[in-house]
Structures are given as structure tokens and as C-alpha cells.
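Below: the structure, in C-alpha cells.
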Amino acid sequence: MSPRKAPTTMPRPEAIPPVAPDQFQFGVLLASAAFGYRMPMDSPAKQGVTLRMEDGSTCRLAFTDIPENRAMIAMRDHFGGDHEAFFAAAMRFFALMRVWKSPRNKAWLRPAEDDPRSIMVHDAVFRSAARVPLNAEGCFDEGPFFAQVEEYAAADEQPPSRRPRTGAKAQPNNQLQRTRSAKARRRGPRR
Numbered sequence: 131m132s133p134r135k136a137p138t139t140m141p142r143p144e145a146i147p148p149v150a151p152d153q154f155q156f157g158v159l160l161a162s163a164a165f166g167y168r169m170p171m172d173s174p175a176k177q178g179v180t181l182r183m184e185d186g187s188t189c190r191l192a193f194t195d196i197p198e199n200r201a202m203i204a205m206r207d208h209f210g211g212d213h214e215a216f217f218a219a220a221m222r223f224f225a226l227m228r229v230w231k232s233p234r235n236k237a238w239l240r241p242a243e244d245d246p247r248s249i250m251v252h253d254a255v256f257r258s259a260a261r262v263p264l265n266a267e268g269c270f271d272e273g274p275f276f277a278q279v280e281e282y283a284a285a286d287e288q289p290p291s292r293r294p295r296t297g298a299k300a301q302p303n304n305q306l307q308r309t310r311s312a313k314a315r316r317r318g319p320r321r
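Sequential numbering of the sequence shown, starting at 131, is according to my numbering.
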């Protein structure tokens, strides 16, 4: 990816572009690992942002070393200097966290057999979060979001030559990726 200049204005949420699904999924998995202190990284307290104020002075904002800051810094680092891709992925990540609590999402999660603090997430959830448009509030509308999840999951269960194009339904049972539950991440690193 080529570095891009940081945006000077924030786009409307519904204008935020899709993100490459594999890049988004990897970014989310890195964010999850950073949140749970399961990957090496410098403390966010060593990083910060310098803002130029209207009067020409500067103001330095420093981050605290909390799981949420670790997660976003890991995702930012994954996207390198591509500020637009990082911003789009971060907004989609926040929208995914909102829809995560939906009862409809439970069908796409499974407990990890080897770690009770981890859950497995169907790939179709990540792919949908990378591509489904955000609404004006920066959220996913649940109907279109879960319709897309079902369509992607149905396509995964078919041989490539028989994959449906639209409107397919599927049972959420394969293509799972591991992530630790929010409760486990708040407890800190595995011992």
C-alpha cells in the first residue's frame, strides 16, 4: 500500500469505503491480540498525536496504555501509512462491535475447544463487516448485515462451480477464526 496523507476532514459514515476483507480480518485479529496483551508492542504511552491549533501553537496528546489504545495502534500499524484504509477499517471495527451484541450474531460464534476464554467467529462475519455499507450513524443495519453474512456463508459451503450469487441461506458452521471474548481480554493476558 502506498502511504496517503491523513484526512483533514472526517467523511460521512455512509461514505466510508469497503476494506479488503483479508486485510480487515487480519487487522481485527491483530487488534484482538493487542487488546489481550498477546503480542509484543511498545506501550501506547510512548506514542501520541501532535495537533496544530488555529493560533499556530501545537498541542501534544499522549495515549494511555489501555487495551483499547493497544488494539487501535496495532490496527493502525497494520495499515501502515494508508490513513484512509486504517480509518475505514477502524470505523468498520467499531460498527462490528455494535452488531456483535445482536442475538443474531450468536449463531456465527462457537466456543474454542482448546481455550474457554476464546471464541471462534465465522469468516463471513468479517467479510461482511469489511464490505457492508455503514449507515449515517456509523453502524451496520442488522438486516442487510446478516443477510450478507448468510450469503457469504452459503457460498463457502458450496464447491466453487456451484456457489450461489445472491439470496442464499446457510447454517453457520465452518470458516471460523479465533478471537478472545471481551470478558477474557479485560482480564488481561493468559497465564
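Cβ atoms here follow ideal geometry from the backbone N, Cα and C, with glycine treated the same way.
Exposure of residue 184, with buried meaning 16 or more beta-carbon neighbours within 10 Å: Taking the first residue of the sequence shown as 1, we reach residue 184 at position 54. Its Cβ having fewer than 16 others within 10 Å, residue 184 is exposed.
Checklist line | Start and end residues, beta strand (DSSP E) containing residue 249 | finding: Residue 249 sits at position 119 when you count from the first residue of the sequence shown. Start and end: 248 to 252.
Just curious, the beta strand (DSSP E) that residue 170 is in, first and last residue? Translated into positions along the sequence shown, residue 170 becomes position 40. Residue 170 -> no beta strand (DSSP E), and no H or E assigned at all.
Review point. Using CA coordinates, which residue listed in 258, 244 and 171 is at the minimum distance from residue 226?
Key: Taking the sequence shown and counting its residues from 1, the one referred to as residue 226 is at position 96. Among 258, 244 and 171, the Cα nearest to that of residue 226 belongs to 258.
Look at the Cβ atom of residue 194, then the Cβ atom of residue 220, and state whether they are nearer than 8 Å. As a position in the sequence shown, residue 194 is number 64, starting the count at 1. As a position in the sequence shown, residue 220 is number 90, starting the count at 1. Result no, Cβ atoms of residue 194 and residue 220 do not sit closer than 8 Å.
(Q) Can you give me the C-alpha to C-alpha distance between residue 153 and residue 189, rounded to a whole angstrom? (A) In the sequence shown, residue 153 corresponds to position 23, counting from 1. In the sequence shown, residue 189 corresponds to position 59, counting from 1. Note on geometry: alpha-carbon atoms of residue 153 and residue 189 lie some 32 Å from one another.
| message | Tell me the residue span of the alpha helix (DSSP H) that contains residue 262. | response | Indexing the sequence shown from 1 puts residue 262 at position 132. Segment: none, residue 262 is in no alpha helix (DSSP H) and carries neither H nor E.
Fill in: residue 182 - partner residues in DSSP beta bridges
To locate residue 182, count along the sequence shown from 1; it is residue 52. Within the DSSP bridge table, the entry for residue 182 names 188 as partners.
Neighbourhood of residue 196 by C-beta, 7 Å cutoff - its chain only, sequence neighbours within 5 removed
Residue 196 sits at position 66 when you count from the first residue of the sequence shown. So no residue of the chain qualifies.
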